[in-house]
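Visitor: Sharing a structure with you now.
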Amino acid sequence: MRIGDLAKAVGVSTRTVRHYHQVGVLPEPDRTLSGYRDYSFDDLVRLMQVRHLVDLGLGLSEIATAVSSGPDGDLSALLDDLDADLAEQERALARRRAQLRALRSHWEGSIDLGDLGNRTIADFRRGARAVGAHGPTFELDHQIMSLLPDETTEAWVKPITEVLDDPEQAARIVELYARFDALEGGFGDRDIDELLQLTREALPPLFLDQLRGTSPRDLVPPPVLEAVLERLTPPQRAVADALLTALMKKD
Numbered sequence: 001m002r003i004g005d006l007a008k009a010v011g012v013s014t015r016t017v018r019h020y021h022q023v024g025v026l027p028e029p030d031r032t033l034s035g036y037r038d039y040s041f042d043d044l045v046r047l048m049q050v051r052h053l054v055d056l057g058l059g060l061s062e063i064a065t066a067v068s069s070g071p072d073g074d075l076s077a078l079l080d081d082l083d084a085d086l087a088e089q090e091r092a093l094a095r096r097r098a099q100l101r102a103l104r105s106h107w108e109g110s111i112d113l114g115d116l117g118n119r120t121i122a123d124f125r126r127g128a129r130a131v132g133a134h135g136p137t138f139e140l141d142h143q144i145m146s147l148l149p150d151e152t153t154e155a156w157v158k159p160i161t162e163v164l165d166d167p168e169q170a171a172r173i174v175e176l177y178a179r180f181d182a183l184e185g186g187f188g189d190r191d192i193d194e195l196l197q198l199t200r201e202a203l204p205p206l207f208l209d210q211l212r213g214t215s216p217r218d219l220v221p222p223p224v225l226e227a228v229l230e231r232l233t234p235p236q237r238a239v240a241d242a243l244l245t246a247l248m249k250k251d
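Heads up: the sequence shown begins at 1 in full-length UniProt numbering, then just goes up one per residue.
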């Protein structure tokens, strides 16, 4: 038989047959004087066995082991391993579906990329947007939050999310983002003092207490912090440095 006849008889492509030769699950047959592969009935049987094992879900390395043991080889151990692997895949799929259901049940309507990941951060983003927060600084702030470990997120982001329920606090947070977006050259100490006062009024006391004595490097790795600072304009960077220095200073 030629390779096309063999492949057709088993229901695979000639490319698949050649691949099986390359990986060793199907031995190379003898060749004709013209150089064509000449397959025997035994080759047909072996290819059919390989096809059955592929359909069961075995990998090609496992199939090579199975077919090398001969037609009477015991496949019990291989099949037990396969069954255990499939059971674990089922559990993994169940976990993923549970995560999807939880995500869908938590958010009504549309879901975007900002809703994925840590739930506390997503709650903050949705809550802040609902009260009017927007703009480059707000989006950058959200992206920075997304890089924080979960335990850090609970300590630093959740307190801010909770104050969004207070209309006055929420308005201050929205104003803080807007003022930072509007920073241009020519700002002075008065501008910094006003922003510092607004920051202290906007952020919850628990957040400010945690901030004292802390360094940005304690929260974000230095290379990431530098990449964040590069996203700021020179005035924004100067003001951010001044604000953080004042807010992180121990009393």
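Beta carbons: idealized from backbone N, C-alpha and C, even for Gly.
Closer than 7 Å by C-beta to residue 132: which residues in its own chain qualify, once you throw out the five before and the five after it? Chain order, please.
Guide: Start at 1 with the first residue of the sequence shown, and residue 132 comes out as number 132. Only 174 meet the Cβ criterion.
Visitor: Consult DSSP for residue 165 and reduce its assignment to one of helix, strand or coil.
Guide: Position 165 of the sequence shown, counted from the first residue, corresponds to residue 165. Under the three-state reduction of DSSP, residue 165 is assigned to coil, being neither helix nor strand.
Visitor: At a cut of 8 Å, does the segment 109-119 reach the segment 201-210 through at least three beta carbon pairs?
Guide: Short answer: they don't touch.
Visitor: Check each candidate in 152, 82, 187 and 4 and name the one with the smallest Cα separation from residue 237.
Guide: Walking along the sequence shown from the start, residue 237 turns up at place 237. Per the Cα distances, 187.
Visitor: Among 93, 209 and 147, which has the Cα closest to the Cα of residue 227?
Guide: Within the sequence shown, numbered from 1, the residue matching residue 227 stands at position 227. Looking at the Cα atoms, 147 is the closest of the given residues.
Visitor: Do residue 38 and residue 31 have their beta-carbon atoms positioned less than 9 Å apart in this structure?
Guide: What you label residue 31 is simply residue 31 of the sequence shown in a count that begins at 1. What you label residue 38 is simply residue 38 of the sequence shown in a count that begins at 1. Contact: yes.
Visitor: What's the gap between the Cα of residue 74 and the Cα of residue 82?
Guide: On the sequence shown, residue 74 is found 74 positions in, with the first residue counted as 1. On the sequence shown, residue 82 is found 82 positions in, with the first residue counted as 1. The alpha-carbon of residue 74 is positioned some 14 Å away from that of residue 82.
Visitor: To the nearest angstrom, how far is the alpha carbon of residue 181 from that of residue 199?
Guide: Start at 1 with the first residue of the sequence shown, and residue 181 comes out as number 181. Start at 1 with the first residue of the sequence shown, and residue 199 comes out as number 199. C-alpha separation (whole angstroms): 14 Å.
Visitor: Hey, could you find the ends of the alpha helix (DSSP H) residue 230 is sitting in?
Guide: Within the sequence shown, the letter at position 230 stands for residue 230. Counting along the chain, the alpha helix (DSSP H) containing residue 230 begins and ends at 222-230.
Visitor: Tell me whether residue 37 sits in a helix, a strand or coil according to DSSP, three-state version.
Guide: Locating residue 37 in the sequence shown gives position 37, where the first residue counts as 1. Residue 37: strand per DSSP, three-state reduction.
Visitor: Whose C-alpha, out of 231, 224 and 215, is nearest the C-alpha of residue 245?
Guide: On the sequence shown, position 245 is the one that residue 245 refers to. When each option's Cα is compared against that of residue 245, the closest is 215.
Visitor: If you draw a straight line from the C-alpha of residue 60 to the C-alpha of residue 105, how long is it?
Guide: Counted from its first residue, the sequence shown places residue 60 at position 60. Counted from its first residue, the sequence shown places residue 105 at position 105. One C-alpha to the other measures close to 41 Å.
Visitor: Could you have a look at residue 256 and say whether DSSP puts it in helix, strand or coil?
Guide: This structure does not reach residue 256, given that the chain is present from 1 up to 251, and the question cannot be answered.
Visitor: Starting from residue 30, follow its DSSP beta bridges and name the residues at the other end.
Guide: Residue 30 sits at position 30 when you count from the first residue of the sequence shown. Answer is 38.
Visitor: Let me see if you follow: with CB-CB separation under 9 Å, is residue 203 close to chain B or not?
Guide: Looking for chain B here will not work: only one protein chain is present.
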